[in-house]
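Below is one structure, written out as structure tokens; comments come after it.
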Amino acid sequence: MTGGRAASGDQATAPPPIRTLIVDDDPAVVRLHTAYLAELPRFRLIGTARTGAAAARLAADRAVDLVLLDMNLPDFSGIEVLHRLRLVREWDVDVIVISSARDTFTVRQALAAHVAGYLVKPFTKEAFAARLSEYADRRPARPSETAVGLGQGQIDGLVTPPGAVPAAAASDPLSLPLPKGLSASTLARVVAALDTTVPVSARSLADELGASRATVRRYLDHLASTGGATVSHRFGARGRPEVLYRLTP
Numbered sequence: 001m002t003g004g005r006a007a008s009g010d011q012a013t014a015p016p017p018i019r020t021l022i023v024d025d026d027p028a029v030v031r032l033h034t035a036y037l038a039e040l041p042r043f044r045l046i047g048t049a050r051t052g053a054a055a056a057r058l059a060a061d062r063a064v065d066l067v068l069l070d071m072n073l074p075d076f077s078g079i080e081v082l083h084r085l086r087l088v089r090e091w092d093v094d095v096i097v098i099s100s101a102r103d104t105f106t107v108r109q110a111l112a113a114h115v116a117g118y119l120v121k122p123f124t125k126e127a128f129a130a131r132l133s134e135y136a137d138r139r140p141a142r143p144s145e146t147a148v149g150l151g152q153g154q155i156d157g158l159v160t161p162p163g164a165v166p167a168a169a170a171s172d173p174l175s176l177p178l179p180k181g182l183s184a185s186t187l188a189r190v191v192a193a194l195d196t197t198v199p200v201s202a203r204s205l206a207d208e209l210g211a212s213r214a215t216v217r218r219y220l221d222h223l224a225s226t227g228g229a230t231v232s233h234r235f236g237a238r239g240r241p242e243v244l245y246r247l248t249p
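Quick note: the sequence shown uses the UniProt record's numbering, first residue 1, plus one each step.
This is the structure we're talking about:
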């Protein structure tokens, strides 16, 4: 009887499971990661999504603590998904990137968006378990999960999230090193076309510059990841947000 009461008390004080959303367009990968996750008692799967739009909808409609995010999705990039998650959930959801994308440009963008981890495919079940267990160990309690005040370390983490871009980076976006594939001359044209007060979309800026939207989007995402541009969103008639950029003052 004594042992039973002790076990009951331990269960009462155990933290709630980390509600997890898996986002990947490959059904085989989703099944594999679902099986891996099922072996981790501190995590609970609450849904899967094969597109970025579906991920954003699920994050808005369900209680989600963690998103396991692939960067290569059929409708838009993982960076776009990160922007949309921040729009619908602000900082109330963590993201661990699980992707085969390992180029410097993508990794830097993800880190600038303050992801909680980056795991490169392919990997073993042990590596998956180790990375998620490490995340669970250092995951701070949400304000709603605890009745006590935040400690200084938790406050510092909220004020300056890991991977935050220094303010000086936004002062001169043309002075920072460029990722491979981007040119200083094209970046200068993009910066010159941006305004500090009126946000524009990648499509409209591409039309203005006579360049492809994909090309312009890479420069805009670079500026956003280094603090040179500020990202906002505009909802269209169908409720799908459009990403807008303006030059950081």
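Glycine residues also receive a C-beta, built at the ideal position from the N, C-alpha and C atoms.
For this session: Would you identify the three-state DSSP class for Ser-212, choosing helix, strand or coil?
Result: Coil at Ser-212, not helix or strand.
Problem set entry | Cβ shell of residue 256 (< 8 Å), same chain only, five flanking positions each side left out | Examination of residue 256 is not possible in this model, given that the chain is present from 1 through 249 alone.
For this session: Taking 8 Å as the threshold, find out whether the stretch 12-25 comes into contact with the stretch 46-64 through three or more Cβ pairs.
Result: Result yes; three or more Cβ-Cβ pairs closer than 8 Å.
For this session: Sort out for me which residues DSSP pairs Thr-230 with in a bridge.
Result: Arg-246.
Exercise. Looking only at DSSP bridge pairs, what is Tyr-118 linked to?
Worked result: Tyr-118 has Val-97 as its beta-bridge partners, per DSSP.
For this session: Within 10 angstroms of the Cβ of Phe-123, are there 16 or more other Cβ atoms? Answer buried if so, exposed if not.
Result: By the neighbour-count rule (16 or more Cβ atoms within 10 Å), Phe-123 is not buried but exposed.
Exercise. Any idea what DSSP makes of Val-88, helix, strand or coil?
Worked result: Here Val-88 sits in helix by DSSP.
For this session: Could you say which of Val-88, Ser-225, Val-81, Leu-174 lies nearest to Thr-51 if we only look at CA atoms?
Result: Minimum Cα distance to Thr-51 is reached at Val-81.
Problem set entry | Terminal residues of the alpha helix (DSSP H) in which Phe-128 lies | Annotation: the continuous alpha helix (DSSP H) that includes Phe-128 extends over 125-138.
Exercise. Is Ala-229 buried or exposed, if buried means 16 or more other CB atoms sit within 10 Å of its CB?
Worked result: By the C-beta density criterion, Ala-229 is buried, having at least 16 other C-beta atoms within 10 angstroms.
Problem set entry | Beta-carbon spacing of Leu-244, Val-200 below 8 Å | In this structure, Val-200 lies closer than 8 Å to Leu-244 by Cβ.
Exercise. Among residues of its own chain, excluding the 5 on either side of Val-165, which ones have a beta-carbon nearer than 8 Å to its beta-carbon?
Worked result: With a pLDDT of only 46 at Val-165, under the threshold of 50, the placement of this residue in the model should not be trusted; the figure read from the coordinates follows. Counting only residues of its own chain and dropping the five nearest sequence neighbours on each side, Val-165 has a CB closer than 8 Å to the CB of Ala-112, Ser-225, Thr-226, Gly-227.
Exercise. Helix, strand or coil for Ser-183 per DSSP?
Worked result: Correct three-state label for Ser-183: coil.
Exercise. Are the Cβ atoms of Thr-186 and Arg-246 separated by less than 8 Å?
Worked result: The answer is no: Cβ separation not under 8 Å.
Problem set entry | Proximal residues to Ala-168 (C-beta, below 8 Å), its chain only, five neighbours per side dropped | Unreliable placement is indicated for Ala-168, whose pLDDT of 43 sits below 50; the coordinate value is still reported in the next sentence. Cβ neighbours of Ala-168 beyond the five flanking positions: none.
Problem set entry | Pro-179 versus Ala-214 - alpha carbon distance | Cα-Cα distance, rounded: 15 Å.
Exercise. Comparing alpha-carbon positions, which option in Ala-56, Val-64, Pro-74 lies nearest Asp-26?
Worked result: Looking at the Cα atoms, Pro-74 is the closest of the given residues.
Exercise. Residue range of the alpha helix (DSSP H) that Thr-104 falls in?
Worked result: Note, Thr-104: alpha helix (DSSP H), 104-112.
Exercise. Using the beta-carbon count (16 or more within 10 Å), is Ala-202 buried or exposed?
Worked result: Buried: at least 16 other Cβ atoms inside 10 Å.
Exercise. Would the beta-carbon of Leu-87 fall within 8 Å of that of Val-95?
Worked result: Leu-87 is not a Cβ neighbour of Val-95, given a cutoff of 8 Å.
Problem set entry | Ala-56 classed as buried or exposed, judged by whether at least 16 other C-beta atoms fall within 10 angstroms | Burial check for Ala-56: the Cβ neighbour count within 10 Å reaches 16 or more, so the residue is buried.
Exercise. Going by Cα to Cα distance, which pick from Val-231, Leu-37, Leu-223, Ala-193 is closest to Arg-131?
Worked result: Of the candidates Val-231, Leu-37, Leu-223, Ala-193, the one whose C-alpha sits nearest the C-alpha of Arg-131 is Leu-37.
Exercise. Is it true that the CB of Asp-70 sits closer than 8 Å to the CB of Gly-78?
Worked result: At a Cβ-Cβ threshold of 8 Å, Gly-78 and Asp-70 count as neighbours.
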